[in-house]
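*Asks:*
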Amino acid sequence: MSVAQAEATEVALEAPSGLWRDAWYRLIRNPGAIVGLLFVLVFVVAAIFAPLLATHDPVEQNLLLIANGCCPGPSAEHYFGVDLLGRDLFTRILYGARYSLLIGIVSVAIGLSIGLVLGAIAGYVGGFVDSAIMRVMDVMLAIPGLLLAIGIVAALGPGLRNVMIAVGLANVPIFARLLRGSVLAQREADFVLAARSVGIKRPQILFSHIIPNSISPVIVQGTLAMATAIIDVAGLGFLGIGLEDPDETPEWGSMLTEVNEYLQVAPFLALIPGTAIVISVLGFNLIGDGLREALDPKLRGR
Amino acid sequence: MLRFVVRRLLLLVPILVGLSILVFVWVRALPGSPADSLLGERTTPALVKEYEERFGLDEPVYVQYWKYVQTTAHFDFGVSVASHRPVTTEIKERFPATIELALAAMILAVGLGVPLGFLAAKRHGGIFDHGSLFVSLIGISIPVFFLAILLKYLFAVRLGWLPSVGRIDVTSEVKHPTNLYVLDAILTRDWKTLVDVLKHLILPAVALGSIPLAIVARITRAAVLDVQNEDYVRTARAKGLPPATVDRRHILRNALLPISTIIGLQTGLLLSGAILTETVFAFPGMGQWLREAIFNRDYPVLQGGILFLALVFVFVNLLVDISYAIINPRIRYS
Numbered sequence: 001m002s003v004a005q006a007e008a009t010e011v012a013l014e015a016p017s018g019l020w021r022d023a024w025y026r027l028i029r030n031p032g033a034i035v036g037l038l039f040v041l042v043f044v045v046a047a048i049f050a051p052l053l054a055t056h057d058p059v060e061q062n063l064l065l066i067a068n069g070c071c072p073g074p075s076a077e078h079y080f081g082v083d084l085l086g087r088d089l090f091t092r093i094l095y096g097a098r099y100s101l102l103i104g105i106v107s108v109a110i111g112l113s114i115g116l117v118l119g120a121i122a123g124y125v126g127g128f129v130d131s132a133i134m135r136v137m138d139v140m141l142a143i144p145g146l147l148l149a150i151g152i153v154a155a156l157g158p159g160l161r162n163v164m165i166a167v168g169l170a171n172v173p174i175f176a177r178l179l180r181g182s183v184l185a186q187r188e189a190d191f192v193l194a195a196r197s198v199g200i201k202r203p204q205i206l207f208s209h210i211i212p213n214s215i216s217p218v219i220v221q222g223t224l225a226m227a228t229a230i231i232d233v234a235g236l237g238f239l240g241i242g243l244e245d246p247d248e249t250p251e252w253g254s255m256l257t258e259v260n261e262y263l264q265v266a267p268f269l270a271l272i273p274g275t276a277i278v279i280s281v282l283g284f285n286l287i288g289d290g291l292r293e294a295l296d297p298k299l300r301g302r
Numbered sequence: 303m304l305r306f307v308v309r310r311l312l313l314l315v316p317i318l319v320g321l322s323i324l325v326f327v328w329v330r331a332l333p334g335s336p337a338d339s340l341l342g343e344r345t346t347p348a349l350v351k352e353y354e355e356r357f358g359l360d361e362p363v364y365v366q367y368w369k370y371v372q373t374t375a376h377f378d379f380g381v382s383v384a385s386h387r388p389v390t391t392e393i394k395e396r397f398p399a400t401i402e403l404a405l406a407a408m409i410l411a412v413g414l415g416v417p418l419g420f421l422a423a424k425r426h427g428g429i430f431d432h433g434s435l436f437v438s439l440i441g442i443s444i445p446v447f448f449l450a451i452l453l454k455y456l457f458a459v460r461l462g463w464l465p466s467v468g469r470i471d472v473t474s475e476v477k478h479p480t481n482l483y484v485l486d487a488i489l490t491r492d493w494k495t496l497v498d499v500l501k502h503l504i505l506p507a508v509a510l511g512s513i514p515l516a517i518v519a520r521i522t523r524a525a526v527l528d529v530q531n532e533d534y535v536r537t538a539r540a541k542g543l544p545p546a547t548v549d550r551r552h553i554l555r556n557a558l559l560p561i562s563t564i565i566g567l568q569t570g571l572l573l574s575g576a577i578l579t580e581t582v583f584a585f586p587g588m589g590q591w592l593r594e595a596i597f598n599r600d601y602p603v604l605q606g607g608i609l610f611l612a613l614v615f616v617f618v619n620l621l622v623d624i625s626y627a628i629i630n631p632r633i634r635y636s
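For the record, the sequence lines run as chains L and S.
Just so we're aligned, residue 1 is where the first sequence starts under our numbering, counting upward by one.
Just so we're aligned, residue 303 is where the second sequence starts under our numbering, counting upward by one.
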């Protein structure tokens, strides 16, 4: 075998490298990100397999269990104890994961898609369109997120779909600003100039050259937005607005509403749902931080 | 400098116009007619008629909008459906409580966050650095209302050190010229009340301030790490300035620039967080008031309250931008 051949085999044996593959290897070597992935995995498994893992019915009340005062704590029968109406807390936590995950994913998808389109158009077209879009975003940013979501739910009425819309819309300006900034930074880049000089049309330059190169901060922000969305949903639930039937629905935030009065006798009723929220949020935050470092190694340790 | 302030004020105009349109459209998107939603369910045809005339609800939309802008510009947000009192009067009573809470939280966040971030950066890579990163990560991952419940459970219910609800002892009878209780107690030299008010303030302020604290600490750490390697810092060290002087004059002063912007942005988070914190501690501020308004479908209160808080947020950011330009001359000429 000649030297050239040997070199060729060596190159072929090496894993093809690319931004995403490299980023993935860096990500799985980051202990924080691994912990984050584990947390999110637990959260997702709980959400998807809730009916299989659950030991009881999430809404079935059993007032006999609380006949001797509130509330029996964790036991072999009820892993996390029972709540004020004798419902199994473990089961309700599992089902609660479904609400958080579903609302989180859909609302981030709403915020991300609308925000990306608006931000990309604003950044690439510029001029009047840019000013118009960004002034609207400024107005949306002027209303603190939770208040905006409250206003939207008040107008649309409570319900799962409307909560997703409310939390999602509150995210739109964040993504729009992010993408606009990154498009502006790349609009004059050499590869865009090159694409333009060989006659590629503007929309195609935007979608196949500029957006793919702007996507990594968006992914990081998307992960962090998942974390914020879970907190926002829980906040709305805690205030008792949002879902149609806050007493019945096993949603983590709303589980914390009433137990505020029972801290003396049954602190676990607050601690367990709260911990569930913290773990899922922490998971996404850890992954987000890990991704940020993985996609931009310059930031390591910052 | 004046040019910068004028330009910044002009930028405010589209935001205010947009905000008013948004709230105007919002009231019309509420279920039922605007008169119905602004007057509540128990109303009389005569009242509805009066409202329709006052806001010109039978006139074209642009006339309605103009009338709305006029009344709002006079800070007339209508009358609360639940209490039948003017929304503005209620804001005057409620807002000082929220200001007090938000200010206390902010003082805590900046007062602890900056030194913590600075120390973490100075000991970059050490145990303290990793520890503070970890704590700040938990800080941004914990919902403010859960933290509030935890603090309440630990310090009020379990240990009984601090009161768990309210803003002041219910039996205390003190005059409140400003409704800022801390200031009132100092003005009337009523030290017993001051202690009582501060005791009521600690838990809500810690709960509300801990998330901004985590963020301020993170930003400070990153900013200090950046500034530390600048040429002028090396020059300062090379010419033999004492390390403490370099830290104070050259590093911290420049690192504080990004932190001041963060403070403006955090105001929004503080206002959102106040709604949740006040709910946990039954703290009689804007947040608790808005929450009740949601349940009573008290749309005049929601409309006035949301608009008012948005205005506060916009103006705090204006002040931050202007002060930023004062401390950072580079911004003024850009």
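Ideal Cβ positions, reconstructed from N, Cα and C, are used throughout, including at glycine.
Remember, it's a predicted structure, so these values are computed and weren't measured experimentally.
Does DSSP put residue 398 of chain S in a helix, in a strand, or in coil?
*Replies:* Working through the second sequence from its first residue, we reach residue 398 of chain S at position 96. If DSSP states are grouped into helix, strand and coil, residue 398 of chain S belongs with the helices.
*Asks:* Taking only beta-carbon atoms, is residue 455 of chain S less than 8 Å away from chain L?
*Replies:* Residue mapping note: residue 455 of chain S aligns to position 153 of the second sequence, counting from 1. It does: the Cβ of residue 455 of chain S has a partner Cβ on chain L nearer than 8 Å.
*Asks:* In angstroms, rounded to a whole number, what distance separates the CA positions of residue 88 of chain L and residue 54 of chain L?
*Replies:* For the purposes of this step, residue 88 of chain L is taken as the residue at position 88 of the first sequence. For the purposes of this step, residue 54 of chain L is taken as the residue at position 54 of the first sequence. The straight-line gap from Cα to Cα measures roughly 9 Å.
*Asks:* Let me know the beta strand (DSSP E) ranges lying completely inside the segment 552 to 603 of chain S, each 3 residues or longer, listed in chain order.
*Replies:* Those beta strand (DSSP E) runs which fall completely within the segment 552 to 603 of chain S and span 3+ residues do not exist here.
*Asks:* Strictly below 7 Å CB to CB, what residues from chain L border residue 444 of chain S?
*Replies:* As a first step, residue 444 of chain S must be located in the second sequence, where it is residue number 142. Correct list: 278.
*Asks:* From L:50, L:91, L:245, L:180, pick the residue whose C-alpha is nearest to that of residue 58 of chain L; which is it?
*Replies:* Reading the first sequence from its first residue, position 58 is the one you call residue 58 of chain L. Per the Cα distances, L:91.
*Asks:* Residue 368 of chain S to residue 360 of chain S, Cα distance in whole Å?
*Replies:* As a working note, residue 368 of chain S is residue 66 in the second sequence. As a working note, residue 360 of chain S is residue 58 in the second sequence. Whole-angstrom Cα-Cα distance: 13 Å.
*Asks:* Grab me the residues of residue 290 of chain L's own chain with a C-beta within less than 7 Å of its C-beta, minus the 5 sequence neighbours each way, in chain order.
*Replies:* Within the first sequence, residue 290 of chain L is the residue found at index 290, counting from 1. 27, 30, 32, 33, 36.
*Asks:* Would you kindly work out how many angstroms separate the C-alpha atoms of residue 303 of chain L and residue 201 of chain L, rounded to a whole number?
*Replies:* Summary: the structure shown does not reach residue 303 of chain L, with chain L confined to residues 1 through 302, and so no result is reported for it.
*Asks:* Contact defined as beta carbons within less than 8 Å: I believe residue 158 of chain L pairs with residue 244 of chain L. What is the distance between those atoms, to the nearest angstrom?
*Replies:* Locating residue 158 of chain L in the first sequence gives position 158, where the first residue counts as 1. Locating residue 244 of chain L in the first sequence gives position 244, where the first residue counts as 1. Yes, they are in contact, since the Cβ atoms of residue 158 of chain L and residue 244 of chain L sit about 5 Å apart, within 8 Å.
*Asks:* The alpha helix (DSSP H) with residue 502 of chain S in it runs from where to where?
*Replies:* Residue numbering aside, residue 502 of chain S sits at position 200 when the second sequence is read from its first letter. Residues 493 to 530.
*Asks:* Could you round the C-beta distance between residue 583 of chain S and residue 399 of chain S to whole angstroms and report it? I think they count as a contact, below 8 Å.
*Replies:* Counting from one through the second sequence, the residue named residue 583 of chain S turns up at place 281. Counting from one through the second sequence, the residue named residue 399 of chain S turns up at place 97. So it is not a contact: roughly 11 Å between Cβ atoms.
*Asks:* Taking CB distances under 8 Å as the criterion, tell me whether residue 267 of chain L reaches chain S.
*Replies:* If you number the first sequence from 1, residue 267 of chain L lands on position 267. Closer than 8 Å: yes.
*Asks:* Can you tell me the Cα-Cα spacing of residue 302 of chain L and residue 529 of chain S, whole angstroms?
*Replies:* Locating residue 302 of chain L in the first sequence gives position 302, where the first residue counts as 1. Locating residue 529 of chain S in the second sequence gives position 227, where the first residue counts as 1. Confidence at residue 302 of chain L is low in this model, with a pLDDT of 45, below 50, so the placement of that residue should be treated as unreliable; the coordinate-derived value is given next. Spanning the two alpha carbons is a distance of roughly 13 Å.
*Asks:* Would you identify the three-state DSSP class for residue 388 of chain S, choosing helix, strand or coil?
*Replies:* On the second sequence, position 86 is the one that residue 388 of chain S refers to. Strand, per DSSP.
*Asks:* Considering only DSSP beta bridges, list what residue 88 of chain L is partnered with.
*Replies:* Within the first sequence, numbered from 1, the residue matching residue 88 of chain L stands at position 88. In DSSP, residue 88 of chain L forms a bridge with L:82.
*Asks:* Around the Cβ of residue 204 of chain L, are there at least 16 other Cβ atoms within 10 angstroms (buried) or fewer (exposed)?
*Replies:* Within the first sequence, the letter at position 204 stands for residue 204 of chain L. Its Cβ having fewer than 16 others within 10 Å, residue 204 of chain L is exposed.
*Asks:* Which residues of chain S have a Cβ atom closer than 7 Å to the Cβ of residue 174 of chain L, listed in chain order?
*Replies:* The count along the first sequence starts at 1 and reaches residue 174 of chain L at position 174. In chain order: nothing, as chain S lies at least about 11 Å away.
*Asks:* Relative to the alpha-carbon of residue 371 of chain S, which residue among S:321, S:426, S:459 has its alpha-carbon at the smallest distance?
*Replies:* Within the second sequence, numbered from 1, the residue matching residue 371 of chain S stands at position 69. Nearest of S:321, S:426, S:459 to residue 371 of chain S, Cα basis: S:321.
*Asks:* Label residue 362 of chain S either buried or exposed according to how many other C-beta atoms from any shown protein chain fall within 10 Å of its C-beta, with 16 as the threshold for buried.
*Replies:* Counting from 1 along the second sequence, the entry for residue 362 of chain S is found at position 60. By the neighbour-count rule (16 or more Cβ atoms within 10 Å), residue 362 of chain S is not buried but exposed.
*Asks:* Looking at residue 96 of chain L and residue 314 of chain L, is the spacing between their C-beta atoms short of 8 Å?
*Replies:* The shown model of chain L, from 1 to 302, leaves out residue 314 of chain L, and the question about it has no answer.
*Asks:* Which residues does DSSP list as the beta-bridge partners of residue 381 of chain S?
*Replies:* Locating residue 381 of chain S in the second sequence gives position 79, counting from the first residue. Its beta-bridge partners are S:388.
*Asks:* Against residue 325 of chain L, what residues of chain S qualify as contacts under a CB-to-CB distance less than 9 Å, listed in chain order?
*Replies:* Residue 325 of chain L is absent from the model: chain L starts at 1 and stops at 302.
*Asks:* In chain order, what residues of the same chain lie with their CB nearer than 6 Å to the CB of residue 603 of chain S, ignoring the 5 residues before and after it?
*Replies:* The count along the second sequence starts at 1 and reaches residue 603 of chain S at position 301. Cβ neighbours of residue 603 of chain S beyond the five flanking positions: 382, 389, 595.
*Asks:* Determine the contact status of residue 262 of chain S and residue 256 of chain L, defining contact as a CB-CB distance below 8 Å.
*Replies:* Nothing about residue 262 of chain S can be reported from this structure: the residues present for chain S run from 303 to 636 only.
*Asks:* Throw me the rounded Cβ distance for the residue 416 of chain S and residue 317 of chain S pair, which I believe falls under 8 Å.
*Replies:* Sequence index remark: in the second sequence, residue 416 of chain S carries index 114 (1-based). Sequence index remark: in the second sequence, residue 317 of chain S carries index 15 (1-based). That pair is no contact at about 29 Å.
*Asks:* Contact defined as beta carbons within less than 8 Å: I believe residue 410 of chain S pairs with residue 457 of chain S. What is the distance between those atoms, to the nearest angstrom?
*Replies:* Walking along the second sequence from the start, residue 410 of chain S turns up at place 108. Walking along the second sequence from the start, residue 457 of chain S turns up at place 155. The pair is not a contact, with the Cβ atoms about 15 Å apart (cut-off 8 Å).
*Asks:* Going by C-alpha to C-alpha distance, which of L:177, L:262, L:234 sits closest to residue 252 of chain L?
*Replies:* Working through the first sequence from its first residue, we reach residue 252 of chain L at position 252. For the residues L:177, L:262, L:234, the minimum Cα distance to residue 252 of chain L belongs to L:234.
*Asks:* Identify whether residue 432 of chain S lies in helix, strand or coil by the three-state DSSP scheme.
*Replies:* In the second sequence, counting from the first residue as 1, residue 432 of chain S sits at position 130. Note: residue 432 of chain S maps to helix in three-state DSSP.
*Asks:* One question on the structure: do residue 403 of chain S and residue 612 of chain S come within less than 8 Å of each other, judged by their Cβ atoms?
*Replies:* Counting from 1 along the second sequence, the entry for residue 403 of chain S is found at position 101. Counting from 1 along the second sequence, the entry for residue 612 of chain S is found at position 310. Not in contact: residue 403 of chain S and residue 612 of chain S (Cβ atoms no closer than 8 Å).
*Asks:* State yes or no: is the beta carbon of residue 158 of chain L nearer than 8 Å to at least one beta carbon in chain S?
*Replies:* For this step, residue 158 of chain L is matched to residue 158 along the first sequence. With 8 Å as the cut-off, residue 158 of chain L does not count as an interface residue toward chain S.
*Asks:* When the Cα of residue 380 of chain S is compared with those of S:531, S:315, S:329, S:570, which residue comes out closest?
*Replies:* Along the second sequence, read from residue 1 onward, the residue named residue 380 of chain S stands at position 78. Considering only alpha carbons, the answer is S:329.
*Asks:* Mind listing the chain S neighbours of residue 328 of chain L? Cutoff is C-beta to C-beta under 7 Å, in chain order.
*Replies:* In this structure chain L extends from 1 to 302, so residue 328 of chain L is not present and cannot be described.
*Asks:* Go through its chain and collect everything with a Cβ distance to residue 606 of chain S's Cβ below 6 Å, but skip five positions before and after it.
*Replies:* Position 304 of the second sequence, counted from the start, is the residue given in the question as residue 606 of chain S. Within the same chain, residue 606 of chain S has close Cβ partners 379, 389.
*Asks:* Strictly below 9 Å CB to CB, what residues from chain S border residue 196 of chain L?
*Replies:* If you number the first sequence from 1, residue 196 of chain L lands on position 196. Neighbours of residue 196 of chain L on chain S: none; closest Cβ ~29 Å, over 9 Å.
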